[in-house]
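Asker: Numbered according to the working numbering, the sequence shown spans residues 50 to 304.
For every residue, glycine included, the Cβ atom is placed at its ideal position computed from N, Cα and C.
Quick caveat: nothing in here was measured; it's all calculated off a predicted structure.
Attaching a single structure in structure tokens format; questions to follow.
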Amino acid sequence: MMARYTLYLAVALWLAILAGLKYLIHPPMPASVLMIYMTLSTLGILLFVAADEARFQAFLAPLKSVFEGRAPLAAQVLVLAGIPLLLGWGAWLRTAPTWDAPFEPRVVHPEPPSSFSLHGRRIETANLKNPLRLPDPVQLEKYTQEGKTIYYQNCFFCHGDALAGDGHFANAFSPIPANFRDVGTISMLQESFVFWRVATGGPGLPKGATPWLSAMPVWQNLLTEEEIWKAILYIYAGSGSTPRTWDEEAGHEKH
């Protein structure tokens with residue numbers, strides 16, 4: 050008795066597999082992988098149907114009745130009009146233009162501007178140096194310890210106790226806060242770059258830093274220029290890093 054419904058059961062099974070793969074699997078699989086699974090599913094269903102001659106003939110019977118004109122007129126119109134419409138819709142989906150914005154790859158360390166605004170005045174980025182990085186080790190240590198206090202009052206909650214970008218709020222942001230212990234962060238940056246990033250925060254990033262905008266606040270609205278420099282001293286000292294110098298930059302350009 051079930052043999053007469055073979056075609057409808059096969060279509061229902063195919064649709065159930067499609068729905069399961071598309072909506073029940075997380076994270077969603079890529080379209081190319083979905084296509085592979087559906088192709089294998091289609092072949093499996095057809096092989097099962099064709100394995101028995103009676104089942105195969107029952108599978109073909111509704112199709113034969115449509116194309117031989119024995120099915121009700123409404124069914125013939127539905128099938129004969131639906132097939133080209135489905136094929137056309139599928140072709141349109143593959144070729145239609147997308148309304149999504151063009152993808153722009155994010156630059157992790159964007160080039161700083163030639164100048165930026167700090168407390169109402171313009172600061173030239175070129176040759177900007179930390180005025181508190183003094184040759185006197187006693188005074189330098191004093192400023193570094195003061196920077197540690199500033200860090201724990203303001204930066205610790207996101208960048209963490211170990212300066213590894215693992216603070217209490219770190220996982221709430223995308224991208225997560227910078228890991229200062231990573232050799233790909235502050236150890237390859239000049240202090241002028243770090244000062245610009247801290248002072249201007251996420252809103253100061255250029256377009257190349259999108260689409261993942263930094264959540265860092267504009268610290269110049271909360272800290273003085275000297276406090277920012279002190280915090281930078283501690284960030285380098287606490288992470289065991291040294292700032293890249295202008296001499297290193299010149300050496301790289303020569304090579």
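1) Using alpha carbons as the reference points, say which of A110, W141, P121 and F244 lies closest to T55.
2) Helix, strand or coil: which one does DSSP assign to S164?
3) Could you spell out where the alpha helix (DSSP H) holding E275 opens and where it closes?
4) In angstroms, rounded to a whole number, what distance separates the CA positions of I284 and L271?
5) Just the Cα atoms here: how many angstroms apart are A103 and R143?
6) Taking all protein chains shown into account, do 16 or more other C-beta atoms lie within 10 angstroms of the C-beta of S166, making it buried, or fewer, making it exposed?
7) Since I believe F229 is in contact with L212 (beta carbons under 8 Å), could you give me their beta-carbon distance rounded to a whole number of angstroms?
8) Spatial neighbours of F217 within its chain, please: CB distance less than 6 Å, with the 5 preceding and 5 following residues excluded, ordered by chain position.
9) Please name the residue or residues paired with E173 in a DSSP beta bridge.
10) Out of curiosity, what's the CA-to-CA distance linking D185 and A286?
11) Mapping DSSP to helix, strand and coil, what is V182?
12) Pick from M265, L122, F222 and F97: whose alpha carbon is nearest that of V243?
13) Tell me the DSSP secondary structure of R143 in three-state form.
14) Please go through the segment 191–234 and give each complete alpha helix (DSSP H) segment of 4 or more residues, from N-terminal end onward.
15) Out of W278, F222, S164 and P76, point me to the one whose CA is closest to A175's CA.
16) Tell me the rounded alpha-carbon separation between G251 and E160.
17) Quick one: what's Q239 bridged to in DSSP?
18) Whole angstroms are fine: how far does the CA of Q269 sit from the CA of H168?
19) In whole angstroms, give me the CA-to-CA distance for G196 and W278.
20) Just checking my contact of F108 with V98 at CB under 8 Å: how many whole Å lie between their CB atoms?
Answerer: Concretely, from the data shown:
1) T55 has its Cα closest to that of A110, out of A110, W141, P121 and F244.
2) Three-state result, S164: strand.
3) In this chain, the alpha helix (DSSP H) harbouring E275 covers E274 to S288.
4) Going from the Cα of I284 to the Cα of L271 covers about 18 Å.
5) Taking the CA atoms as reference points, A103 sits about 38 Å from R143.
6) It is exposed - the Cβ of S166 has fewer than 16 other Cβ atoms within 10 Å.
7) Confirmed, Cβ separation roughly 4 Å.
8) Reading off the sequence shown, one finds His at residue 217, where the question assumed Phe. Listed in chain order, the non-local C-beta contacts of H217 below 6 Å within the same chain comprise F206, local neighbours out to five positions each way being set aside.
9) According to DSSP, E173 shares a beta bridge with S164.
10) Rounded to whole angstroms, D185 and A286 show a C-alpha spacing of 15 Å.
11) Sequence inspection shows Arg at residue 182; the Val mentioned does not correspond to that position. Three-state DSSP puts R182 in coil, outside helix and strand.
12) Closest option to V243, Cα to Cα, is M265.
13) In the structure shown, R143 sits in a helix (DSSP, three-state: H, G or I).
14) With a minimum length of 4 residues, the continuous alpha helix (DSSP H) runs that stay inside the segment 191–234 are 205–208.
15) Per the Cα distances, S164.
16) Note on geometry: alpha-carbon atoms of G251 and E160 lie some 14 Å from one another.
17) Partner(s): R293.
18) Going from the Cα of H168 to the Cα of Q269 covers about 7 Å.
19) The alpha-carbon separation between G196 and W278 amounts to approximately 8 Å.
20) Contact holds; Cβ gap of about 5 Å.
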